[in-house]
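Peer 1: In the numbering used here, the protein residues as written are 414 to 571.
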Amino acid sequence: MNDEQDIKFMELALAQSELALSRGQAPFGAVVVSPAGEVIGEGYNTARADLDVSAHGEVSAIRAACRRLGNFNLKGYTIYTTTEPCLSCSFLITQLEMGRVVYAARGTDVPGYKPLLNADFSNVAEWVNRQPDWPPIEVQGEFLRDRAIPILLANFKK
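#1: List the endpoints of the continuous beta strand (DSSP E) containing Q553.
#2: According to DSSP, is V537 part of a helix, a strand, or is it coil?
#3: Tell me which residue opens and which closes the alpha helix (DSSP H) that G442 is part of.
#4: In chain order, what residues of the same chain lie with their CB nearer than 6 Å to the CB of E510, ignoring the 5 residues before and after it?
#5: On a Cα-Cα basis, can you pick out the residue from R461, G520, L425 and R519 that is closest to A474?
#6: For the beta strand (DSSP E) containing G470, list its first residue and its last residue.
#7: Take every Cβ of the region 487 to 502, pair it with every Cβ of the region 513 to 521, and state whether three or more of those distances are shorter than 8 Å.
#8: In the region 500 to 530, which residue ranges form an unbroken beta strand (DSSP E) of at least 3 residues, counting only runs that do not cross its ends?
#9: What does DSSP give as the partner residue(s) for E455 in the beta ladder?
#10: Taking just the CA atoms, how far does A449 sit from F422?
#11: Ordered along the chain, which non-local residues of its own chain (more than five positions away) have a Cβ less than 8 Å from that of N568?
#12: What does the alpha-carbon distance come out to for the pair V466 and W540?
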């Protein structure tokens, strides 16, 4: 992908986070994009509405992508997410062998963030990239971070 495409897809993820916020959900959004540059899945955090703590933005977008494809083959796909993936989303992304993660805000930008095992996504990716039998994963962090943080913080001003 190039910068222009990255901006376009991150803007779609940011729109998902704004949609989440407008619906009383935590403002985390994500978009799954195929290697050909087609949006395959979009989603936002629905944990409050669904009473499902696993319904993160990344999970919602991945579920939508898998439903659309009719399978779990996201190998080489890119996920754009408004906040750095947490440990559970990181596990899902790596198990599906997604090839690239682009995130806006860091986990530490989230008020009340509690890192588990100090596992930010860059550390997860570094570990994955050292495993001989795992496909590499590319990470681009803090992409349009300045646009994500105000949306993120709006949730905590309520």
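The C-beta atom is built at its ideal place from N, Cα and C for all residues, glycine as well.
Peer 2: So, from the data block:
#1: Locating residue 553 in the sequence shown gives position 140, where the first residue counts as 1. Residues E551 to Q553.
#2: Position 124 of the sequence shown, counted from the start, is the residue given in the question as residue 537. If DSSP states are grouped into helix, strand and coil, V537 belongs with the helices.
#3: Walking along the sequence shown from the start, residue 442 turns up at place 29. It is not in any alpha helix (DSSP H) - G442 instead sits in the beta strand (DSSP E) that spans G442 to V446.
#4: Locating residue 510 in the sequence shown gives position 97, counting from the first residue. For E510, where only same-chain residues beyond five positions count, the Cβ hits under 6 Å are K488 and P548.
#5: As a working note, residue 474 is residue 61 in the sequence shown. The shortest Cα separation from A474 among R461, G520, L425 and R519 belongs to L425.
#6: To locate residue 470, count along the sequence shown from 1; it is residue 57. Not the beta strand (DSSP E): G470 falls in the alpha helix (DSSP H), residues G470 to L482.
#7: yes
#8: 513 to 518
#9: Residue mapping note: residue 455 aligns to position 42 of the sequence shown, counting from 1. BP columns for E455 point to V444.
#10: Numbered from 1 along the sequence shown, position 9 holds the residue referred to as residue 422. Numbered from 1 along the sequence shown, position 36 holds the residue referred to as residue 449. Distance between the alpha carbons of F422 and A449: 13 Å.
#11: Residue 568 sits at position 155 when you count from the first residue of the sequence shown. Taken in chain order, the residues that qualify are L434, A439 and P440.
#12: Working through the sequence shown from its first residue, we reach residue 466 at position 53. Working through the sequence shown from its first residue, we reach residue 540 at position 127. For V466 and W540, the distance between alpha carbons rounds to 26 Å.
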